[in-house]
Amino acid sequence: MLDDYQLEPRLVAALAALNRQDYPVAIAALEAIKKQYGSKSWGVTAQLHLIQAYAVVGQFPQALALCDHLAELPQAKVRDWVEKARPILQRKAELSQSLALPTALARTPILERAISGQVLRQVSPWRLWVTQMACLGVLLMGGAWVNRILIVQPLINFFSPWYNLDSWAWAMAWFLTGVLALVIGVGYPWAWAQLLRWKFSLQPLDFITLNTYSPESIKFWGRWAWSGFQPPPQLGFLPTAVPLIFSFGHWRRWVVISQGLLTALPADEIAILISAEIIQLRRGYNLLLGPMVFGRLLIYELYQTAARCGNYFAHRLEWLNRQHQDRQVDAGLMFLNRVVYGCGCGTTALAYGLVWLLEKIIAPAARVRFYFTDRATAAFTGHPNGLSQALIHLNEAMAAVVYQEREVSPLIDALSLVLPVHGAAAITYGSLQFPPQQRDWVKLTAWERQNPLKDWFSLFHSHRFLGIRLQALSIYAQKWQLKPQFDLGERPQAWTGQRQFWRQLTPVWGLFLGLFLAILVWRGGEFALRTGVIGIKFWWFANLNLMLWGWGSLGLGLGILLRINAYYPEITTPVTDPQLLKPLIESPIALPLDSVPVKLTGRLLRMRGLEHGLGQGLWLETEVGLWQLRALGWWGPFSHLWRSPFGAWGDQPIEVQGWWRRSEVPWIDVEQARCLGSPGLVFRGRAPYWATGIFGLLFLFSLYTFLITP
6 MLDDYQLEPR
16 LVAALAALNR
26 QDYPVAIAAL
36 EAIKKQYGSK
46 SWGVTAQLHL
56 IQAYAVVGQF
66 PQALALCDHL
76 AELPQAKVRD
86 WVEKARPILQ
96 RKAELSQSLA
106 LPTALARTPI
116 LERAISGQVL
126 RQVSPWRLWV
136 TQMACLGVLL
146 MGGAWVNRIL
156 IVQPLINFFS
166 PWYNLDSWAW
176 AMAWFLTGVL
186 ALVIGVGYPW
196 AWAQLLRWKF
206 SLQPLDFITL
216 NTYSPESIKF
226 WGRWAWSGFQ
236 PPPQLGFLPT
246 AVPLIFSFGH
256 WRRWVVISQG
266 LLTALPADEI
276 AILISAEIIQ
286 LRRGYNLLLG
296 PMVFGRLLIY
306 ELYQTAARCG
316 NYFAHRLEWL
326 NRQHQDRQVD
336 AGLMFLNRVV
346 YGCGCGTTAL
356 AYGLVWLLEK
366 IIAPAARVRF
376 YFTDRATAAF
386 TGHPNGLSQA
396 LIHLNEAMAA
406 VVYQEREVSP
416 LIDALSLVLP
426 VHGAAAITYG
436 SLQFPPQQRD
446 WVKLTAWERQ
456 NPLKDWFSLF
466 HSHRFLGIRL
476 QALSIYAQKW
486 QLKPQFDLGE
496 RPQAWTGQRQ
506 FWRQLTPVWG
516 LFLGLFLAIL
526 VWRGGEFALR
536 TGVIGIKFWW
546 FANLNLMLWG
556 WGSLGLGLGI
566 LLRINAYYPE
576 ITTPVTDPQL
586 LKPLIESPIA
596 LPLDSVPVKL
606 TGRLLRMRGL
616 EHGLGQGLWL
626 ETEVGLWQLR
636 ALGWWGPFSH
646 LWRSPFGAWG
656 DQPIEVQGWW
666 RRSEVPWIDV
676 EQARCLGSPG
686 LVFRGRAPYW
696 ATGIFGLLFL
706 FSLYTFLITP
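Positions 6 to 715 (this note's numbering) are the ones given, in order, by the sequence shown.
Put into structure tokens, the structure is as follows:
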């Protein structure tokens, strides 16, 4: 159909107007085509685009009326498209009425830009290289340890009757780890592209198509000097509504863009984001990050495969249970299916646990590149305000897709480390809307700029805080005598909550105090040994490892115990109106320890089946936006693997009671949740009991270390 577009100039003009978000012009052109051609091919094509345009500007009655008209046409493909689109439009119409959500991304007028190629003070990227090498070193050490246990030790045991290889164990483990790292480092660009082709239908993106959406991208592309040492990247296209853009590779490079990004963002912002990805490739900011992220991606694919297999056997077990009630199924077959389903649950939990651990290890390497990338992109384009707008619109577009698809796409979770914005933070901030005011990004990001503990909370956060990035871009704009997109020049507020600061980090202070006492006791033990017979009974005090483990675990446990009551207060008068969370979300001094009791009603958004097996991907949709849920049962995160109530509550109204916490991503710690349609089914959170249990285990471990180990 793209070839046909060239024959109808008005349709080409309408599509161009849609790409630059000039919806009145696009609608007028499409209406003219519809009036002329009616139900002929051009008229049907125009009506399909009219439905999308009306939906974007919020004119859902007109879009639904066109759906009704197209549903009566004889073309089967058109009717199928209408059958899929109509429920989505109906749901968005209801949401727009009840939640007053913006149906189109607010197009803020582009402010003036500086001359492209502006110069900023040279900043050495040594911090980036040190951070990424440190993260890679941690992964290599972990890989060597795993190889030592799973591969090398069994080989040593097998050859032990003939050879004594114990002294070569670690050398063999490091050799295997090095070979594996070399293979991944060299071949991961090809393997990543093949995985995207197989799983997500990756396609090449030609310049003609890119020019249709963003002519400025072609202009920027022509400014780069390509050579054998700086080869041009291959442009890739993902046919998904999720707005994505990321890059990977070394000699063979890729910049991958999704359909959702091309349709959601204006042309100049698309060009700026593409320039940012090219800068990362040319300067090597993701040279070490790419192999690490690809290793995580492989384990994430294992997690999804195991989850899909588990979901299949879960449905099979339901069918067998119904047949078993009629005594038509052998009990042995039931047992076999339960065993296979249990293996799927275990594999899913183990794989996602590794994915979560790898994300925390790689997070500093991913976060540190954004300072250098934003700086270089602003200088290259001369448009720091445009980059600010692109980041804001990308947040809003991600939230809009979650509203539309009723779940968080696995693509956001799988590729979170290489995306320009943090997935969970984008979904939260991009969805928040406190009527009648418009979304105020200055107030929403005040916590990220001014909170005294922001650096502490960002330790394992994979992205530089959006508020800090916007503030830096505003400084660049002021340096070039441009009017900043956001007025973020305020000074940090004086914080009077020193006591809350100490209580928030009580476990950390307890751990440090325990390690300090361990060193003191160890030095005392060393002195006692020198006194001869009198101090020989205290010989075990001189064991440094013993003291560190014992006192460290005791200090950490006591720190957790001292914080439990403040972290999980009794819920007596909870906040029931989500509008009242506005001052809390905008407060720059809020902490997770504030533990605001809430009792909110909304709809549950979740992943399907075992894909939320550890409680990930649970979101509560309220009238002001989306809130992430964290629910621990008696079995902790494993409570969701088998007959979790959340598995049956997808897209249904629920009531959640718990503690709202302000952190890098605001979230609700679930104390109790129930489905309004099935009041008898209740989930009860056990997070306070888990905190108490962790203290007990640490205390018992310290006693074991002090009393039994010597």
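Glycine included, every Cβ here is placed at the ideal spot set by N, Cα and C.
- [ ] Rounded to whole angstroms, what's the CA-CA distance from His-645 to Ala-636? Just pull it up for me.
- [x] 9 Å
Open item on the list: I'd like to check one pair, Leu-551 with Trp-545: are the Cβ atoms closer than 8 Å?
Closed with: yes
Task: Burial state of Val-188, where buried means 16 or more other Cβ atoms lie within 10 Å - done: exposed
- [ ] Give the single residue among Val-603, Ala-311 and Val-135 whose Cα lies nearest to the Cα of Leu-294.
- [x] Val-135
Task: Local conformation of Arg-613 per DSSP, three classes - done: coil
TODO: On a CA-only basis, which of Ile-223, Ala-402 and Ser-206 is nearest Thr-214? Give me that one, please.
DONE: Ile-223
TODO: Out of Thr-245, Ala-311 and Tyr-193, point me to the one whose CA is closest to Trp-259's CA.
DONE: Tyr-193
Open item on the list: Can you tell me where the alpha helix (DSSP H) holding Trp-197 begins and where it ends?
Closed with: 174-205
Task: Other residues of its chain near Cys-680: CB distance less than 6 Å, five sequence neighbours each side excluded - done: Trp-654, Gln-657, Ile-659 and Leu-686
Open item on the list: Counting beta carbon pairs with one atom in the stretch 590-604 and one in the stretch 666-677, are three or more of them shorter than 8 Å?
Closed with: yes
Open item on the list: Between Ser-463, Trp-86 and Gly-265, which has its C-alpha nearest Met-403's C-alpha?
Closed with: Gly-265
Task: Closest residue to Trp-485 among Pro-440, His-388 and Phe-242 (Cα-Cα distance) - done: His-388
TODO: List the residues that DSSP assigns as beta-bridge partners of Ser-263.
DONE: Leu-243
- [ ] Measure the Cβ-Cβ separation of Ser-463 and Ser-421 and say whether it is below 8 Å.
- [x] no
Open item on the list: Let's test the definition: count the other Cβ atoms within 10 Å of the Cβ of Gly-315 and tell me whether it reaches 16, buried, or not, exposed.
Closed with: buried
Open item on the list: Suppose the cutoff is 6 Å on Cβ atoms and the five residues either side in sequence are ignored; what does the same chain contact list for Ala-111 look like?
Closed with: Because the pLDDT at Ala-111 is just 41, under 50, the model does not fix this residue reliably, and the point stays unresolved.
Open item on the list: Taking 6 Å as the limit between beta carbons, can you name the residues of its chain near Tyr-59, skipping five residues before and five after?
Closed with: Gln-67 and Ala-68
- [ ] Pull up the distance between the alpha-carbon of Gly-555 and that of Leu-355, whole angstroms please.
- [x] 29 Å
Task: Minimum Cβ-Cβ distance from Gly-265 to chain B less than 8 Å - done: In the structure shown, chain B cannot be found, because there is only a single protein chain.
Open item on the list: For Cys-680, list the residues DSSP reports as bridge partners.
Closed with: Ile-659
TODO: Output the distance between the C-alpha atoms of Leu-392 and Pro-440, rounded to the nearest integer angstrom.
DONE: 27 Å
Task: Neighbourhood of Thr-217 by C-beta distance below 6 Å, restricted to the same chain and skipping five residues each side - done: none
- [ ] Return yes when the Cβ of Thr-353 is within less than 8 Å of the Cβ of Leu-615, no when it is not.
- [x] yes
Task: Straight-line gap, Gln-505 to Leu-598 (C-alpha atoms, nearest Å) - done: 7 Å
Open item on the list: Please identify the residue among Leu-210, Ala-196 and Asp-211 whose C-alpha is closest to the C-alpha of Lys-204.
Closed with: Ala-196
Open item on the list: Does Pro-92 come out as helix, strand or coil in the three-state DSSP assignment?
Closed with: helix
- [ ] Within its chain, find whatever has a CB closer than 8 Å to the CB of Ala-109; leave out the 5 residues flanking it on each side and keep chain order.
- [x] Residue confidence is low: Ala-109 scores 39 on pLDDT, short of 50, so the model does not pin down where it sits. Its coordinate-derived value is still stated next. Around Ala-109: Gln-26, Tyr-28, Val-61, Val-62 and Gly-63.
- [ ] Starting from the Cα of Arg-132, find the closest Cα among His-398, Gln-677, Asn-456 and Pro-369 and give me that residue.
- [x] Pro-369
- [ ] Note down, in chain order, each residue of its chain lying with its Cβ closer than 8 Å to the Cβ of Ala-371, except the 5 sequence neighbours on either side.
- [x] Leu-294, Val-298, Leu-422, Val-423, Ser-467 and His-468
TODO: Starting from the Cα of Leu-145, find the closest Cα among Arg-126, Pro-244 and Thr-182 and give me that residue.
DONE: Thr-182
Task: Collapsed DSSP secondary structure at Glu-412 in the structure displayed - done: coil
- [ ] Rank Ser-206, Phe-212, Arg-287 and Leu-200 by C-alpha distance to the C-alpha of Phe-234 and give the top, closest one.
- [x] Arg-287
- [ ] Measure the beta-carbon distance from Val-83 to Val-49 and round it to whole angstroms, keeping in mind my assumption that it falls under 8 Å.
- [x] 6 Å
- [ ] Give the DSSP bridge partners of Phe-253, in chain order.
- [x] Trp-259
TODO: Check the C-beta distance from Leu-341 over to Val-261 and give it rounded, since I have them as a contact under 8 Å.
DONE: That belief does not hold up - the Cβ atoms of Leu-341 and Val-261 are roughly 42 Å apart, past 8 Å.
Open item on the list: Rounding to the nearest angstrom, what Cα-Cα distance links Arg-444 and Ile-397 in this structure?
Closed with: 11 Å
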